[in-house]
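Below: the structure, in structure tokens.
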Amino acid sequence: MEAFTVHEGLCAALSRNDVDTDQIIPKQFLKRTDRDSYGDAGFFSWRYDEAGNPRADFQLNDPAYQGASILVTGNNFGCGSSREHAVWALTGMGFRAVIAPSFADIFAANSLQNGFLPVQLSPTLVAQLRERAERRDGYRLAIDLRDQQVRDGGGVIAEFVIDPFWRECLLSGRDPIAMALSREEGIAAFEATRPRWSPRTTTAGLFS
Amino acid sequence: MISQMSPGTPRTAYRKIWESHIASGDPDSRALMYIDLHLVHEVTSAQAFNGLRAEGRRVRRPDLTLAVMDHTVPTWERSRPTPDPIAAEQLRQLAENCRAAEVPLLDLHHRRQGIVHVIGPELGLIQPGMTVVCGDSHTSTLGAFGALAFGIGTSEVEQVLATQSLWQAPATTLEIRVDGELPIGVTAKDMALAIIGRVGVAGAQGTVVEYRGSAVRALSMEGRLTLCNLTIEAGARAGLVSADQTTVNYLAGRAASPTGAEFELAAAAWRSYATDEGAEFDRTVVIDAAELVPHVTWGTNPGMVAQVTGRIPRLSDFHTELERQQAVRALDYMGLSEGTAIEEISVDRVFIGSCTNGRLEDLREAAAIAAGGRVHSTVRAMVVPGSQTVKRAAEAEGLDRIFTQAGFEWREPGCSMCLGMNPDVLGSGERCASTSNRNFEGRQGAGGRTHLVSPSMAAAAALHGHFVDVRQLHRAPLAPVG
Chain A
0 MEAFTVHEGL CAALSRNDVD TDQIIPKQFL KRTDRDSYGD AGFFSWRYDE AGNPRADFQL
60 NDPAYQGASI LVTGNNFGCG SSREHAVWAL TGMGFRAVIA PSFADIFAAN SLQNGFLPVQ
120 LSPTLVAQLR ERAERRDGYR LAIDLRDQQV RDGGGVIAEF VIDPFWRECL LSGRDPIAMA
180 LSREEGIAAF EATRPRWSPR TTTAGLFS
Chain B
0 MISQMSPGTP RTAYRKIWES HIASGDPDSR ALMYIDLHLV HEVTSAQAFN GLRAEGRRVR
60 RPDLTLAVMD HTVPTWERSR PTPDPIAAEQ LRQLAENCRA AEVPLLDLHH RRQGIVHVIG
120 PELGLIQPGM TVVCGDSHTS TLGAFGALAF GIGTSEVEQV LATQSLWQAP ATTLEIRVDG
180 ELPIGVTAKD MALAIIGRVG VAGAQGTVVE YRGSAVRALS MEGRLTLCNL TIEAGARAGL
240 VSADQTTVNY LAGRAASPTG AEFELAAAAW RSYATDEGAE FDRTVVIDAA ELVPHVTWGT
300 NPGMVAQVTG RIPRLSDFHT ELERQQAVRA LDYMGLSEGT AIEEISVDRV FIGSCTNGRL
360 EDLREAAAIA AGGRVHSTVR AMVVPGSQTV KRAAEAEGLD RIFTQAGFEW REPGCSMCLG
420 MNPDVLGSGE RCASTSNRNF EGRQGAGGRT HLVSPSMAAA AALHGHFVDV RQLHRAPLAP
480 VG
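Keeping their order, the protein sequence lines are chains A and B.
For reference, each letter of the first sequence is one residue, going 0 to 207 in numbering that gives the first Met the number 0.
For reference, each letter of the second sequence is one residue, going 0 to 481 in numbering that gives the first Met the number 0.
What follows is the structure in structure tokens.
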């Protein structure tokens, strides 16, 4: 997986609560079978009008946010559908981290799997950061996973909490699947304890 | 899964399932959790299979994996090739991936095809105490069996294919207790919408919900599936109902259920996963079933919900600036004004189906309202059974004829207009009474306006052309309309 140690970049504000993954990547783009073609499709209906032109009233279309790599948004970001395409859209748009008061659980898990860092801070602090980004004057932050700090030009703003398992995976770029495969003994031992009547999908006549 | 839980400190069903599925690691921090069943569909699996191939990994347990085509399949004229070439290619890749990995697949012509969350229960594949995952957030549905069932992303689909396990941290627990008796005309869907309205769309984040109380116990398995289905809309990781006699009765005689003496053994094991008397939850919410009424969403998330006899809130009812702006945007998108009475809202389309409300009991509930009536002249209404099995059963009892005689379309099973990945979509500005689960912007079609309701409320809206309180129709038999 993609490693994450420290990232410094321009902040863009998306000043909304409950941004759902249907908005981050609408359904018509979920028929593709790749992981890296979603950047242009991110926030499609909010971002473009019917003729395909960028909507001036959508925050992320603001030229001041050109090149932004840290998204600062509202509560419950990424709620709804489990589609990992939402994370692929955000990374495709150039984002490396998102700061919010809270994240939907599946979205947060998908983000970590892709080395895209969800940083949870207090609602008050996120509101302050959003206001700074809303000034559109090039507000930048550094997010350091090593010491779990968020810093700006004035110094340390906050420390954030992250699951130690994911911190380790992200810092080292270690693959969770490889880590699970290395526990083969435990998996096999567990399988030996499963009752005989546990359902199997290959049982003859199951689908008759 | 172990054969039977041993007694000890009172534990919740969630904690029992979690502790009994640890293949490696510490149950109090992070551990590798074994997955008993992995359900797969076309939209979230191709990249996972590609990832396996790239790493030279194999599917560890095809016999604990089942794939089905549901999200993009047409619900009309299925004998023809899938009209969308990109969707067709995605379906082709699923078939090829399943063939190569020897994963059983219910393709769009299979007699057991249906929505992934509908077919598992029908087959008896979901049993109490199991861990079940699928690359789909509405996997929470399957918690109705007292199983731990939740949605995952594609990277995790890849991990489960490769290792039959997932890295998980323990969740907190939220007890939602609904005591008393549901009034006539009020359904599991209304119970769920009322809960989301109360708890909020982020209110259950990080928790596994357990639904308890006499009103939950009184629900059929189908009602419990509806209730657990919508748990994700309150932000929870999963929702479940501890196994009881209703669960055991449902599983008896199912294709994947054990038989004879083994069934008795299994049933005892299933019951042992139920929450112990005296087990503690991190939080509790209590709801009085007798006070519940039919609910209708008015906005662009399932927490924006009102009683059918009520009104859309006033903007002054919202406390923070972001919440107020969110309501302004929602009303603008929905083409509605603050304070409007719900029963004054007219609809153009009606959709009855989905993993939330596409089972036989849901169709019976809608048909009871539709019988002898006529879909309003300005409304187009469709019924999409949740599976081929549901469709056959409904046709055997004549529900299809009730619907078609009333002017509803009777279609082939699939996710259909719940998320509009097939040709079933709303046009821009069209307003729909929908039995599905999400009223997000554009979910049912770009510019489409979704109101979530129960099957009987949807059928009633189809006949009247606007929302009506279905409890009135239950008191007096429906007069012929139109």
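Backbone N, C-alpha and C fix where the C-beta goes; we use that ideal spot for every residue, glycine too.
Problem - Burial state of B/I183 (16 or more Cβ within 10 Å) - result: B/I183 counts as exposed, since fewer than 16 other C-beta atoms from the protein chains shown sit within 10 angstroms of its C-beta.
Practice task
Return the bridge partner residues of A/P117 from the DSSP annotation.
Solution key: Answer by DSSP bridge pairing, in chain order: A/V97.
Exercise for the section: Determine the direct distance from the alpha carbon of B/S433 to that of A/N213, and round the result to whole angstroms. Expected result: Only positions 0 to 207 of chain A appear in this structure, which leaves residue 213 of chain A out of reach.
Exercise for the section: Given a cut-off of 8 angstroms, decide if B/A168 and B/S19 are closer than it, judged by their beta-carbon atoms. Expected result: One thing to note: B/S19 has its Cβ no nearer than 8 angstroms to the Cβ of B/A168.
Exercise for the section: Alpha carbon to alpha carbon, how far is A/L205 from B/D69? Give it in angstroms, no decimals. Expected result: Looking at the two C-alpha atoms, the distance is approximately 19 angstroms.
Problem - Uninterrupted alpha helix (DSSP H) stretches inside the region 279 to 322 of chain B (no shorter than 4 residues) - result: Fully enclosed alpha helix (DSSP H) runs of 4 or longer: not present.
Practice task
Find the nearest neighbour of A/V86 within the set A/P25, A/I156, A/R150, judged by alpha-carbon distance.
Solution key: Selected option, being the one with the closest Cα: A/P25.
Practice task
May I ask you to check if the CB of A/V149 is nearer than 7 angstroms to at least one heavy atom of the ligand FMN?
Solution key: The model depicted lacks the ligand FMN and carries no ligand whatsoever.
Exercise for the section: With a threshold of 16 other CB atoms inside 10 Å of the CB of B/T318, please say whether the residue is buried or exposed. Expected result: The sequence as given places His at residue 318 of chain B; Thr does not occur at that position. The residue is exposed, with fewer than 16 neighbouring Cβ atoms inside 10 Å.
Problem - Contacting positions in the region 177 to 197 of chain A - beta carbon closer than 7 angstroms to chain B - result: Cβ contacts with chain B come from A179, L180, R182, G185, I186, F189, T192, R193, P194, W196, S197.
Practice task
Have a look at B/R507 and B/E394 and give me their C-alpha separation to the nearest angstrom.
Solution key: There is simply no residue 507 of chain B to check, as chain B begins at 0 and stops at 481 in what is shown.
Exercise for the section: Figure out for me which residue from B/E279, B/S78, B/V389, B/M333 has the closest Cα to the Cα of B/E429. Expected result: For B/E429, the nearest C-alpha among the options comes from B/M333.
Practice task
Kindly list the residues whose CB is nearer than 6 angstroms to the CB of A/L69, restricted to its own chain and excluding five residues on each side of it in sequence; keep chain order.
Solution key: Looking at the sequence shown, residue 69 of chain A is not Leu but Ile. Sequence-distant Cβ neighbours of A/I69 in its own chain, meaning closer than 6 angstroms and more than five residues away, are G8, C10, A96, L140.
Problem - Through-space distance from B/P82 to B/N248, alpha-carbon basis - result: Their backbone Cα atoms lie some 42 angstroms apart in a straight line.
Problem - Straight-line Cα distance separating B/V240 from B/R176 - result: Approximately 11 angstroms between the Cα atoms of the pair.
Practice task
Assess, as a yes-or-no matter, whether the region 387 to 401 of chain B is touched by the region 110 to 124 of chain B under the definition of 3 or more beta carbon pairs within less than 8 angstroms.
Solution key: In short, these stretches touch, since the Cβ pair count reaches three.
Practice task
With 8 angstroms as the C-beta to C-beta threshold (strictly closer), list the residues of the region 111 to 125 of chain A near chain B in chain order.
Solution key: The region 111 to 125 of chain A vs chain B, Cβ under 8 angstroms: Q112, N113.
Problem - Coil, strand or helix - B/S19 by DSSP - result: Here B/S19 sits in helix by DSSP.
Handout entry: Pair within 8 angstroms by beta-carbon distance, A/D19 and B/N300
Key = A contact, by the Cβ cut-off of 8 angstroms.
Practice task
Taking all protein chains shown into account, decide if B/A475 is buried (16 or more other Cβ within 10 angstroms of its Cβ) or exposed.
Solution key: The predicted model places B/A475 with a pLDDT of 46, which falls under 50 and marks its position as unreliable; any figure quoted below should be read in that light. B/A475 is exposed by the Cβ-count criterion.
Exercise for the section: Could you tell me the distance, in whole angstroms, from the CA atom of A/S14 to the CA atom of A/T72? Expected result: Their backbone Cα atoms lie some 5 angstroms apart in a straight line.
Practice task
Give the interface partners of A/E167 over in chain B, defined as CB-CB distance under 9 angstroms, in chain order.
Solution key: Below the 9 angstroms Cβ cutoff, chain B contributes no neighbours of A/E167, its closest Cβ being approximately 10 angstroms away.
Problem - Test: B/A445 CB closer than 8 angstroms to a CB of chain A - result: Interface annotation, B/A445: in contact with chain A, CB-CB separation under 8 angstroms.
Exercise for the section: Counting only the same chain and skipping the five closest in sequence on each side, list residues whose C-beta sits under 7 angstroms from that of B/T43. Expected result: If we look at B/T43 and ignore the five residues flanking it on each side, its Cβ neighbours are G134, D135, T153, V156.
Handout entry: Option nearest A/S207 by Cα separation, candidates B/G298, B/Y210, B/V200, B/Q112
Key = Out of B/G298, B/Y210, B/V200, B/Q112, the CA that lies nearest to the CA of A/S207 is found in B/Q112.
Practice task
Please check if any C-beta of chain A sits within less than 8 angstroms of the C-beta of B/R196.
Solution key: In the sequence as presented, Arg is not what sits at residue 196 of chain B; that position holds Gly. Not one beta carbon of chain A lies nearer than 8 angstroms to the beta carbon of B/G196.
Exercise for the section: Give the residues from the region 177 to 208 of chain B that approach chain A closer than 8 angstroms (Cβ to any Cβ), ordered along the chain. Expected result: If the cut-off is 8 angstroms between Cβ atoms, the region 177 to 208 of chain B has V200, A201, Q204, G205 near chain A.
Exercise for the section: Please name the residue in B/R56, B/Q163, B/G277, B/A288 whose C-alpha comes closest to that of B/I34. Expected result: Of B/R56, B/Q163, B/G277, B/A288, the smallest CA-CA separation from B/I34 is found for B/Q163.
Exercise for the section: Tell me whether A/R214 is buried or exposed, calling it buried when 16 or more other Cβ atoms sit within 10 Å of its Cβ. Expected result: Absent from the structure is residue 214 of chain A, since the part of chain A shown begins at 0 and ends at 207.
Handout entry: Extent of the continuous beta strand (DSSP E) run through B/H40
Key = DSSP places B/H40 in the uninterrupted beta strand (DSSP E) bounded by 36 to 40.
Exercise for the section: Report yes if the C-beta distance between B/S219 and B/E337 is below 8 angstroms; otherwise report no. Expected result: By the CB criterion at 8 angstroms, B/S219 and B/E337 fall outside the cutoff.
Exercise for the section: Sort B/R437, B/S415, B/G50 by Cα distance to B/A304 and report the nearest one. Expected result: The sequence given here has Val at residue 304 of chain B, not Ala. Minimum Cα distance to B/V304 is reached at B/R437.
Practice task
Could you tell me how far apart the beta carbons of A/D21 and B/F439 are, in whole angstroms, since I believe they sit closer than 8 angstroms?
Solution key: So it is a contact: roughly 4 angstroms between Cβ atoms.
Problem - Assigned exposure category for B/H40 - 16 Cβ within 10 Å defines buried - result: A buried status is given to B/H40, since no fewer than 16 other beta-carbon atoms sit within 10 Å of its beta-carbon.
Exercise for the section: Closer than 8 angstroms by beta-carbon distance: list the chain A residues that pair up with B/Y33, in chain order. Expected result: Going along chain A in sequence order, the residues near B/Y33 (Cβ under 8 angstroms) are I186, F189, E190.
Handout entry: C-alpha distance - B/R442 paired with B/C417, whole-angstrom precision
Key = If you draw a straight line from the Cα of B/R442 to the Cα of B/C417, it comes to about 7 angstroms.
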